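>
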Amino acid sequence: MQAERTALIQKAAAALKNARYPLFLSGAGISAESGIPTFRGEEGLWKNFRAEDLATPEAFRRDPALVWEWYNWRKGIIRSKEPNAAHHAIRLIAEKLPQLMCVTQNVDGFHTLAGLPDILEMHGNIFRARCLVCGGVHEMRDAVEVTTPCPACGEARLRPDIVWFGESLPKNILHAIYDRLRVCDAILVVGTSGSVYPAAGFAVEVRRREGYVIEINVEEGHKPYAHDIYLRGKAGEILPQIAELI
Ligand code: BJW
Ligand code: ZN
11 MQAERTALIQ
21 KAAAALKNAR
31 YPLFLSGAGI
41 SAESGIPTFR
51 GEEGLWKNFR
61 AEDLATPEAF
71 RRDPALVWEW
81 YNWRKGIIRS
91 KEPNAAHHAI
101 RLIAEKLPQL
111 MCVTQNVDGF
121 HTLAGLPDIL
131 EMHGNIFRAR
141 CLVCGGVHEM
151 RDAVEVTTPC
161 PACGEARLRP
171 DIVWFGESLP
181 KNILHAIYDR
191 LRVCDAILVV
201 GTSGSVYPAA
211 GFAVEVRRRE
221 GYVIEINVEE
231 GHKPYAHDIY
241 LRGKAGEILP
251 QIAELI
């Protein structure tokens with residue numbers, strides 16, 4: 011059993027090392043060991059909150075105070091936690107493989123905190139707010155209220171700088187990812203349920219072009235793609251082993 015697993019980890023490390031255009035994608039599961047709740051599953055945020063009440067533009071139009079309350083609560087949790095062994099391992103892997111493009115669906119900023127310089131945060135960042143009047147984007151680590159004025163124009167019309175359901179992703183990030191997907195020969199997918207698009211489609215695309223799909227997750231789940239290597243377990247335990255072999 012252990013020998014089989016070691017062989018799989020070696021295979022994953024070799025596939026990443028030999029790839030010309032590797033891509034890394036993380037989801038909420040990579041921050042779970044830091045104590046940040048994921049979205050789906052038994053302990054997930056959507057167990058107690060309805061996505062459509064909180065993570066859509068309609069929800070924000072209906073009740074901005076409620077949406078800010080939810081984000082302020084999550085900001086408080088994230089501020090009190092720190093990156094874990096998985097975030098540090100990816101930073102190490104990226105140092106060893108400068109050709110690796112790193113993308114996250116997470117908004118917690120932990121990859122940056124762990125020292126990964128070029129992480130593409132495709133769903134935004136919870137510590138930024140965007141002004142609906144002047145369009146300015148501002149770092150706001152503390153709680154934001156509906157009465158908080160925009161530091162640039164003074165209007166109190168700030169929203170979280172986050173991509174909600176039904177909204178487009180930042181164009182520059184999406185273009186960079188799709189450029190990579192056109193040539194990507196190995197993707198490492200860590201801690202995502204693969205239920206939200208377009209991220210869930212990345213591995214589908216790599217697989218379609220006969221690239222390598224490596225997945226790390228505590229449970230297999232129902233994914234829209236097949237993987238070449240599936241490593242069942244915690245990201246914080248498996249990624250450091252891969253990092254060591256690269
Ligand atoms: C561990 C672990 C450990 C735990 N180690 N693993 C195509 C088909 C169908 C629908 C669509 C489509 N294209 C677009 C859509 C609509 C929609 C969508 O995908 N809907 C689906 C629900 C079907 N997508 C959008 O609206 C996107 N916009 C878009 O595409 O614009 C164009 C367009 C618009 C409308 C129609 C068509 C096109 C935007 C999506 C924005 C998502 N935003 C959210 C919330 C906001 C951010 C925030 O507040 O934080 O982002 S949703 C939420 O899900 C969050 C996450 O980033 C995202 C993904 O979740 P993730 O990371 O996978 O977390 P979980 O909890 O689901 O999974 C955790 C995993 O970790 C599990 O598998 C565990 O097992 C594992 N795990 N511990 C390893 N220690
Ligand atoms: Zn403004």
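Residue numbers for the sequence shown follow the working numbering, beginning at 11 and rising by one.
Ideal placement from N, C-alpha and C gives every residue a C-beta, glycine not left out.
Treat the numbers as computed from the prediction; the structure is a model and nothing was measured.
Do E43 and G204 come within 7 Å of each other at the CB atom, strictly closer than that value?
Indexing the sequence shown from 1 puts residue 204 at position 194. Indexing the sequence shown from 1 puts residue 43 at position 33. In this structure, E43 does not lie closer than 7 Å to G204 by Cβ.
> Which residues end up in the neighbourhood of the ligand ZN when you take C-beta atoms closer than 6 Å to any of its heavy atoms?
That query returns the following residues: C141, V143, C144, G146, C160, A162, C163, E165.
> Going by DSSP in three states, N182 sits in which element: helix, strand or coil?
Looking up residue 182 in the sequence shown gives position 172. The answer is helix: DSSP assigns N182 an H, G or I state.
> Which residues does DSSP pair with G134 in a beta bridge?
Within the sequence shown, the letter at position 124 stands for residue 134. Paired residue(s): I172.
> Check each candidate in L255, W56, E53, Y235 and name the one with the smallest Cα separation from A209.
Numbered from 1 along the sequence shown, position 199 holds the residue referred to as residue 209. The shortest C-alpha separation from A209 is found at Y235.
> Assuming H237 contacts I224 under a Cβ cut-off of 8 Å, what Cβ separation, rounded to an integer in Å, is found between them?
Position 227 of the sequence shown, counted from the first residue, corresponds to residue 237. Position 214 of the sequence shown, counted from the first residue, corresponds to residue 224. Their Cβ separation, rounded to whole angstroms, is 7 Å, which keeps H237 and I224 in contact under 8 Å.
> Does the contact criterion of 3 or more C-beta pairs under 8 Å hold for the stretch 27 to 36 versus the stretch 98 to 110?
They touch, by the three-pair rule.
> L249 and A96 - do their beta-carbons sit closer together than 7 Å?
Here residue 96 refers to the residue found at position 86 when the sequence shown is read from its first residue. Here residue 249 refers to the residue found at position 239 when the sequence shown is read from its first residue. Yes.
> If you draw a straight line from the C-alpha of G164 to the C-alpha of V156, how long is it?
Position 154 of the sequence shown, counted from the start, is the residue given in the question as residue 164. Position 146 of the sequence shown, counted from the start, is the residue given in the question as residue 156. Looking at the two C-alpha atoms, the distance is approximately 12 Å.
> May I ask you to list the residues that DSSP assigns as paired with I129?
As a first step, residue 129 is located in the sequence shown; it is residue number 119 there, counting from the start. Looking at the DSSP assignment, I129 forms a beta bridge with C112.
> With hydrogens ignored, establish whether the beta-carbon of G231 is closer than 6 Å to any heavy atom of the ligand BJW.
Start at 1 with the first residue of the sequence shown, and residue 231 comes out as number 221. It does: the Cβ of G231 is within 6 Å (strictly closer) of some heavy atom of the ligand BJW.
> Indicate whether T202 and G37 have their beta-carbon atoms separated by less than 7 Å.
Locating residue 202 in the sequence shown gives position 192, where the first residue counts as 1. Locating residue 37 in the sequence shown gives position 27, where the first residue counts as 1. Yes. Within cutoff.
> Starting from the Cα of A10, find the closest Cα among R217, E229, V200, V228 and give me that residue.
Here the chain comprises residues numbered 11 to 256, so residue 10 is not present and cannot be evaluated.
> What three-state label does DSSP hand P74 in the structure shown?
For the purposes of this step, residue 74 is taken as the residue at position 64 of the sequence shown. In this structure, P74 counts as helix in the three-state DSSP scheme.
> Give me the Cβ distance between A25 and A196, rounded to the nearest whole Å; I'm assuming they're in contact under 8 Å.
Residue 25 sits at position 15 when you count from the first residue of the sequence shown. Residue 196 sits at position 186 when you count from the first residue of the sequence shown. Contact flag correct, Cβ pair sits at about 5 Å.
> Assess, as a yes-or-no matter, whether the stretch 166 to 183 is touched by the stretch 132 to 140 under the definition of 3 or more beta carbon pairs within less than 8 Å.
A contact exists between the stretch 132 to 140 and the stretch 166 to 183.
> Figure out for me which residue from S41, K244, V206 has the closest Cα to the Cα of A124.
Residue mapping note: residue 124 aligns to position 114 of the sequence shown, counting from 1. Of the listed residues, the one whose Cα sits closest to A124 is S41.
> If we ignore side chains and look at the alpha-carbon of each, how far apart do F34 and E177 end up?
Taking the sequence shown and counting its residues from 1, one reaches residue 34 at position 24. Taking the sequence shown and counting its residues from 1, one reaches residue 177 at position 167. Taking the straight line from one Cα to the other gives about 23 Å.
> Is there contact between the stretch 41 to 60 and the stretch 78 to 90, where contact requires at least three CB pairs shorter than 8 Å?
Cβ pair count under 8 Å is three or more, so yes.
> Is R50 a contact residue of the ligand BJW, with contact defined as CB to any heavy atom under 6 Å?
Stepping through the sequence shown from its first residue, residue 50 is reached at position 40. Result yes, Cβ under 6 Å from the ligand BJW.
> The alpha helix (DSSP H) spanning N28 covers which residue range?
In the sequence shown, residue 28 corresponds to position 18, counting from 1. From DSSP, the alpha helix (DSSP H) with N28 extends over 12 to 28.
> Determine the direct distance from the alpha carbon of E14 to that of K21, and round the result to whole angstroms.
For this step, residue 21 is matched to residue 11 along the sequence shown. For this step, residue 14 is matched to residue 4 along the sequence shown. Approximately 10 Å between the Cα atoms of the pair.
> Can you tell me the Cβ-Cβ gap for L130 and A186, rounded? I've got them flagged as a contact below 8 Å.
The residue labelled residue 130 in the question sits at position 120 within the sequence shown. The residue labelled residue 186 in the question sits at position 176 within the sequence shown. About 6 Å; that satisfies the 8 Å criterion.
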